[in-house]
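> Please find one structure pasted underneath; my questions will follow.
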Amino acid sequence: MAKIIECVPNISEGRNKDVIEAVIDEIRAVPGVTLLDYSSDESHNRTVITFLGEPARVADAAVAVARKAAQLIDLTKHTGEHPRMGAVDVIPFIPIKEVSVEEA
5 MAKIIECVPN ISEGRNKDVI EAVIDEIRAV PGVTLLDYSS DESHNRTVIT FLGEPARVAD
65 AAVAVARKAA QLIDLTKHTG EHPRMGAVDV IPFIPIKEVS VEEA
């Protein structure tokens with residue numbers, strides 16, 4: 005059976021659709037990764053993204069998300085209801101199938 009993990013990164017952009025789509029396109033470009041959902045909140049200026057796949061592919065997509073977000077999001081101009089830690093605030097990995105919490 006294939007191992008599957010889910011990743012739910014939160015990026016510090018919820019208003020600029022071009023930036024959001026550029027980050028989402030990084031996930032779409034990784035073979036074997038399925039984009040499940042993404043939603044943006046303008047007042048918090050955040051987008052939450054959910055994708056899954058085999059661990060190595062999900063790790064590749066997570067790195068691509070972080071790289072593109074860091075490239076495109078200017079935190080010196082960022083405003084929103086939620087405090088920010090960086091272009092990507094969190095990148096949790098959730099075990100879904102045949103993966104332990106430690107492995108995730």
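Per the working numbering, residue 5 is the first one in the sequence shown, and the count goes up by one each step.
Think of the CB as a built atom: it goes at the ideal place given N, C-alpha and C, for glycine as much as any other residue.
Would you check if the distance between the CB atom of GLU30 and the CB atom of ILE77 is smaller than 8 Å?
Position 26 of the sequence shown, counted from the start, is the residue given in the question as residue 30. Position 73 of the sequence shown, counted from the start, is the residue given in the question as residue 77. No, Cβ-Cβ distance for GLU30 and ILE77 is not below 8 Å.
> In the structure shown, what three-state DSSP assignment does PRO99 receive?
Start at 1 with the first residue of the sequence shown, and residue 99 comes out as number 95. Strand.
> Put GLU30 into one of helix, strand or coil per three-state DSSP.
Within the sequence shown, the letter at position 26 stands for residue 30. Three-state result, GLU30: helix.
> To the nearest angstrom, how far is the alpha carbon of HIS48 from that of ALA73?
Position 44 of the sequence shown, counted from the first residue, corresponds to residue 48. Position 69 of the sequence shown, counted from the first residue, corresponds to residue 73. Cα to Cα, the separation comes out at about 16 Å.
> Can you tell me whether ALA6 is buried or exposed, with buried defined as 16 or more other CB within 10 angstroms of its CB?
Your numbering for residue 6 matches position 2 in the sequence shown. So ALA6 ends up on the exposed side.
> Based on DSSP bridge pairs, tell me the residues matched to ASP45.
Stepping through the sequence shown from its first residue, residue 45 is reached at position 41. DSSP, once it has assigned bridges, lists ARG50 as partnering ASP45.
> Please report the residue range of the beta strand (DSSP E) in which VAL94 lies.
Counted from its first residue, the sequence shown places residue 94 at position 90. Looking at the DSSP string, the run of the beta strand (DSSP E) that includes VAL94 is 92–94.
> If the criterion is Cβ atoms closer than 8 Å, does the pair GLY36 and GLY57 meet it?
Working through the sequence shown from its first residue, we reach residue 36 at position 32. Working through the sequence shown from its first residue, we reach residue 57 at position 53. For GLY36 and GLY57, yes; Cβs fall inside 8 Å.
> Taking DSSP as the reference, what is the three-state secondary structure of ILE24?
Numbered from its first residue, the sequence shown carries residue 24 at position 20. Here ILE24 sits in helix by DSSP.
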